[in-house]
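The structure under discussion appears below in the form of structure tokens.
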Amino acid sequence: MRRIRLLAMIMAGSLAVGGGVAAARSSLPATGSGGGSTASAPSYLKDDAGRSLILRGFNTASSAKGAPDGMPKFTEADLEREHADMGTNFVRFLISWRSVEPAPGQYDQAYLDRVEDRVSWYAERGYKVMLDMHQDVYSGAITPEGNAGNGAGNIGNGAPEWATYTDGLPVGKQDRWELLYLEPGVTRAFDNFWNTTGKHPELMEHYANTWRAVAERFAANDAVVAYDLMNEPWGGSMQGSAFESGPLASLYQRTTDAIRQVDQDSWVCVAPQAVGVNQGIPSGLTKIDDPRAGEQRIAYCPHLYPLPLDIGDGYSGVSRTLTDATIAAWRASVEHIAGTVLGGAPIIVGEFGLDTTLPGARDYLDRVYGTARELGAGVSYWSSDPGPWGPYLPDGTRTLLVGTLNKPYPRAVAGTPTDWSSAVDRLQLTLHPDPAVTAPTEIYLPKSGFPGDVKVEGADVVDWNRQSRLLTVRTATGASSATVTVTPAA
Ligand code: IDC
Numbered sequence: 045m046r047r048i049r050l051l052a053m054i055m056a057g058s059l060a061v062g063g064g065v066a067a068a069r070s071s072l073p074a075t076g077s078g079g080g081s082t083a084s085a086p087s088y089l090k091d092d093a094g095r096s097l098i099l100r101g102f103n104t105a106s107s108a109k110g111a112p113d114g115m116p117k118f119t120e121a122d123l124e125r126e127h128a129d130m131g132t133n134f135v136r137f138l139i140s141w142r143s144v145e146p147a148p149g150q151y152d153q154a155y156l157d158r159v160e161d162r163v164s165w166y167a168e169r170g171y172k173v174m175l176d177m178h179q180d181v182y183s184g185a186i187t188p189e190g191n192a193g194n195g196a197g198n199i200g201n202g203a204p205e206w207a208t209y210t211d212g213l214p215v216g217k218q219d220r221w222e223l224l225y226l227e228p229g230v231t232r233a234f235d236n237f238w239n240t241t242g243k244h245p246e247l248m249e250h251y252a253n254t255w256r257a258v259a260e261r262f263a264a265n266d267a268v269v270a271y272d273l274m275n276e277p278w279g280g281s282m283q284g285s286a287f288e289s290g291p292l293a294s295l296y297q298r299t300t301d302a303i304r305q306v307d308q309d310s311w312v313c314v315a316p317q318a319v320g321v322n323q324g325i326p327s328g329l330t331k332i333d334d335p336r337a338g339e340q341r342i343a344y345c346p347h348l349y350p351l352p353l354d355i356g357d358g359y360s361g362v363s364r365t366l367t368d369a370t371i372a373a374w375r376a377s378v379e380h381i382a383g384t385v386l387g388g389a390p391i392i393v394g395e396f397g398l399d400t401t402l403p404g405a406r407d408y409l410d411r412v413y414g415t416a417r418e419l420g421a422g423v424s425y426w427s428s429d430p431g432p433w434g435p436y437l438p439d440g441t442r443t444l445l446v447g448t449l450n451k452p453y454p455r456a457v458a459g460t461p462t463d464w465s466s467a468v469d470r471l472q473l474t475l476h477p478d479p480a481v482t483a484p485t486e487i488y489l490p491k492s493g494f495p496g497d498v499k500v501e502g503a504d505v506v507d508w509n510r511q512s513r514l515l516t517v518r519t520a521t522g523a524s525s526a527t528v529t530v531t532p533a534a
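Take any residue in the sequence shown, note its place counting from 1, add 44, and you have its number in this note's numbering.
Pasting the structure below:
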């Protein structure tokens, strides 16, 4: 019953505010590039050489949430397999407040050592890492074993026990973990965190300082490029734009300021309220100021979880039509926040994912990656955990995700990608070279017959590395545009 009400509430919200999104979008400058509906030219995270990064990878991993040592069940061999099978270059790596600050003001350096150790696996393979301060339902301290009644175990995670104040309010059982957000004890824990109760001004301060401790550790680490400040924020009793423009924006600002005391260069990623916005309703998030010298390094990192996919049909029939409508509304909302509110922030889709056994799963994946490409967005798929949502089943069998994700793509572009397309049997990239960037453009090519036939205009092939499967091209001096087309050998 309750689930239906929540879904109805979100759907109603989506219908009621849909017009607002469209209006916001039409007021943006239209570039009309590639015949798409890009509201403003995408912007990209840059690597140290100044190249535009196209980030493709996974969330790793949900298994970290309840683990006593805070580490995912994911080995270096697992990363090796992922890299060989899909050529990923990015990870959204889950960390948690409870693990960084197990007691007030005490930062667990041994935990950060373990994180750093995992980061080094990624660094050795040329990956970029986004650290994600994960939470679901606030904290493990309020959703003890078995609470959800679905055998999922300890599903709440994030805040340390000492920062969890439910004021004695109950947390009942729910058959879907998301619905625990509606329980009175969970609402109160969030209200105390955001200090809407007026009783705990210290908690947000602790949170910002926790991030500073993390940033201090990773500031000089070239592989760590971004900090995702809070997974799926929830306002407790305060919802929508009152929450997003109020306590959420204020937490983001304080945390950004704290990070910048120790790290000038990493990107700070902000996300909207999750419920509703993940399903395509507009966000009321407001601007965050980056105090660093030079250009802003704030990225927008929303999640995408269309409700119709959950309702049973997967991506087919009426739920496909509704999912497409959700994606269109979500895209308009994302372009508005990244383009207008945040002033041209790059986008990373921090999470999206589905049960790959659902009908139409492959089409849905192609649809979302296509949208991300048009937005210039990085993507971290939820998640690498073994199972039907992930790339591998627990016995190691590949799901359809592996073949669907393993496509050629430009990983680092010496300029701006103005148009690119990717299919299992073809990669085409057109870029506007940046003469200030001396490093070459790198393109990942899967094993299936690539590199085969390589055509370049306004550029030269510098190298093909069979080991890393990277094709390296350098644009001709003075060229205003370059195009690379690669098709596999027949
Ligand atoms: C899910 C895990 C599931 C776990 C639950 C609660 O897949 O095993 O029981 O979290 O800890 C999100 C969250 C992400 C969720 C994911 C899938 O950010 O933590 O993982 N999801 O449900 N938001 C929307 C979906």
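Note that CB positions come from ideal geometry on N, CA and C, so glycine has one too.
* **Unbroken beta strand (DSSP E) run spanning residue 454, endpoints** => For the purposes of this step, residue 454 is identified with residue 410 of the sequence shown, where counting begins at 1. 453 to 457 is the extent of the beta strand (DSSP E) around residue 454.
* When the distance is taken between beta carbons, is residue 96 closer than 8 Å to residue 383? -> In the sequence shown, the residue the question calls residue 383 occupies position 339. In the sequence shown, the residue the question calls residue 96 occupies position 52. Not a contact, by the Cβ cut-off of 8 Å.
* To do: Taking only the alpha-carbon atoms, compute the straight-line gap between residue 467 and residue 106 and give it to the nearest angstrom.
  => In the sequence shown, residue 467 corresponds to position 423, counting from 1. In the sequence shown, residue 106 corresponds to position 62, counting from 1. For residue 467 and residue 106, the distance between alpha carbons rounds to 29 Å.
* Find out if the Cβ-Cβ distance for the pair residue 129, residue 450 is shorter than 8 Å. => As a working note, residue 129 is residue 85 in the sequence shown. As a working note, residue 450 is residue 406 in the sequence shown. For residue 129 and residue 450, yes; Cβs fall inside 8 Å.
* Asked: Quick one, which of 308, 234, 285 has its alpha-carbon nearest residue 268's?
  -> Residue mapping note: residue 268 aligns to position 224 of the sequence shown, counting from 1. For the residues 308, 234, 285, the minimum Cα distance to residue 268 belongs to 308.
* To do: State yes or no: is the C-beta of residue 327 nearer than 7 Å to some heavy atom of the ligand IDC?
  => As a first step, residue 327 is located in the sequence shown; it is residue number 283 there, counting from the start. No - the ligand IDC has no heavy atom lying nearer than 7 Å to the Cβ of residue 327.
* For residue 349, is the beta carbon positioned less than 7 Å from some heavy atom of the ligand IDC? -> Taking the first residue of the sequence shown as 1, we reach residue 349 at position 305. Yes, the Cβ of residue 349 comes within 7 Å of a heavy atom of the ligand IDC.
* Which residues mark the beginning and the end of the alpha helix (DSSP H) in which residue 294 is found? -> Residue numbering aside, residue 294 sits at position 250 when the sequence shown is read from its first letter. Unbroken alpha helix (DSSP H) run through residue 294: 293 to 304.
* Look at the Cβ atom of residue 310, then the Cβ atom of residue 344, and state whether they are nearer than 8 Å. => Within the sequence shown, numbered from 1, the residue matching residue 310 stands at position 266. Within the sequence shown, numbered from 1, the residue matching residue 344 stands at position 300. Not closer than 8 Å, so no.
* To do: Pull up the DSSP beta-bridge partners for residue 476, would you.
  => What you label residue 476 is simply residue 432 of the sequence shown in a count that begins at 1. DSSP, once it has assigned bridges, lists 460 as partnering residue 476.
* Sequence-distant residues of the same chain with beta carbon closer than 8 Å to residue 282, five excluded per side -> Walking along the sequence shown from the start, residue 282 turns up at place 238. Only 235, 238, 240, 290, 291 meet the Cβ criterion.
* Between residue 526 and residue 502, is the Cβ-Cβ spacing less than 8 Å? -> Mapped onto the sequence shown, residue 526 falls at position 482. Mapped onto the sequence shown, residue 502 falls at position 458. A contact, by the Cβ cut-off of 8 Å.
* Say the cut is 7 Å; is the CB of residue 318 nearer than that to a heavy atom of the ligand IDC? -> Locating residue 318 in the sequence shown gives position 274, where the first residue counts as 1. For the ligand IDC, at least one heavy atom lies less than 7 Å from the Cβ of residue 318.
* If you compare alpha carbons, which of 482, 299, 319 is closest to residue 522? -> Counting from 1 along the sequence shown, the entry for residue 522 is found at position 478. Residue 482 is the option with its Cα nearest to residue 522.
* Asked: Which residues does DSSP pair with residue 91 in a beta bridge?
  -> One-based indexing of the sequence shown puts residue 91 at position 47. In DSSP, residue 91 forms no bridge with anything.
* Taking the CB atoms as reference points, tell me whether residue 140 and residue 103 lie closer together than 8 Å. => Position 96 of the sequence shown, counted from the first residue, corresponds to residue 140. Position 59 of the sequence shown, counted from the first residue, corresponds to residue 103. Going by C-beta atoms, residue 140 is not nearer than 8 Å to residue 103.
* Asked: Between the region 253 to 268 and the region 144 to 154, do at least 3 Cβ pairs fall closer than 8 Å?
  -> yes
* Cβ-Cβ distance between residue 520 and residue 486 below 8 Å -> Taking the first residue of the sequence shown as position 1, residue 520 is located at position 476. Taking the first residue of the sequence shown as position 1, residue 486 is located at position 442. The answer is no: Cβ separation not under 8 Å.
* **Residue-chain proximity (residue 292, chain B), Cβ-Cβ < 8 Å** => Absent here is chain B; the protein component of the structure consists of one chain.
* Taking the C-alpha atoms as reference points, what is the distance between residue 181 and residue 215? -> For this step, residue 181 is matched to residue 137 along the sequence shown. For this step, residue 215 is matched to residue 171 along the sequence shown. Those two C-alpha atoms are separated by around 11 Å.
* Nearest residue (CA-CA) to residue 338, options 354, 365, 304 -> Stepping through the sequence shown from its first residue, residue 338 is reached at position 294. Considering only alpha carbons, the answer is 304.
* residue 102 bridges to which residues according to DSSP? -> By 1-based counting over the sequence shown, the position of residue 102 is 58. Its beta-bridge partners are 135, 425.
* Please state whether DSSP places residue 128 in a helix, a strand or coil. => If you number the sequence shown from 1, residue 128 lands on position 84. Residue state, collapsed to three classes: helix.
* **Coarse secondary structure for residue 333, derived from DSSP in three states** => If you number the sequence shown from 1, residue 333 lands on position 289. Of the three classes helix, strand and coil, the one that applies to residue 333 here is coil, per DSSP.
* Asked: Buried or exposed: which applies to residue 534, given that a residue is buried once 16 or more other Cβ atoms fall within 10 Å of its Cβ?
  -> For the purposes of this step, residue 534 is taken as the residue at position 490 of the sequence shown. With fewer than 16 Cβ atoms within 10 Å of its Cβ, residue 534 is classed as exposed.
* To do: Would you kindly check if the distance between the Cβ of residue 453 and the Cβ of residue 535 is under 8 Å?
  => The question about residue 535 has no answer here: the residues shown for the chain are numbered 45 through 534.
* Closer than 8 Å by C-beta to residue 478: which residues in its own chain qualify, once you throw out the five before and the five after it? Chain order, please. => On the sequence shown, position 434 is the one that residue 478 refers to. The answer, listed in chain order, is 94, 458, 459, 460.
* Give a yes or no on whether the C-beta atoms belonging to residue 228 and residue 213 are separated by under 8 Å. => As a first step, residue 228 is located in the sequence shown; it is residue number 184 there, counting from the start. As a first step, residue 213 is located in the sequence shown; it is residue number 169 there, counting from the start. The answer is yes: Cβ separation under 8 Å.
* Going by CA-CA distance only, name the one from 331, 135, 524 that's closest to residue 480. => Position 436 of the sequence shown, counted from the start, is the residue given in the question as residue 480. The candidate whose alpha carbon is nearest that of residue 480 is 524.
* To do: Helix, strand or coil for residue 145, going by three-state DSSP, please let me know.
  => Counting from 1 along the sequence shown, the entry for residue 145 is found at position 101. Reduced to three states, the DSSP call for residue 145 is coil.
* Under the criterion of a Cβ to heavy atom distance below 7 Å, does residue 180 qualify as lining the ligand IDC? -> The sequence position of residue 180 within the sequence shown is 136, counting from 1. Residue 180 Cβ: within cutoff of the ligand IDC.
* Thinking just about the alpha-carbon of each residue, which of 356, 470, 285, 262 is nearest to the one in residue 172? -> Within the sequence shown, numbered from 1, the residue matching residue 172 stands at position 128. That would be 262, whose Cα lies nearest to the Cα of residue 172.
* Give every residue of the same chain whose Cβ lies closer than 6 Å to the Cβ of residue 399, excluding the five residues on either side of it in the sequence, and list them in chain order. => Taking the sequence shown and counting its residues from 1, the one referred to as residue 399 is at position 355. Contacts found: 432, 433.
* If you drop the 5 nearest sequence neighbours on each side, which residues of the same chain put their C-beta closer than 7 Å to that of residue 287? -> For the purposes of this step, residue 287 is taken as residue 243 along the sequence shown, with counting starting at 1. Closer than 7 Å at the Cβ level, and outside the excluded window around residue 287, lie 279, 317.
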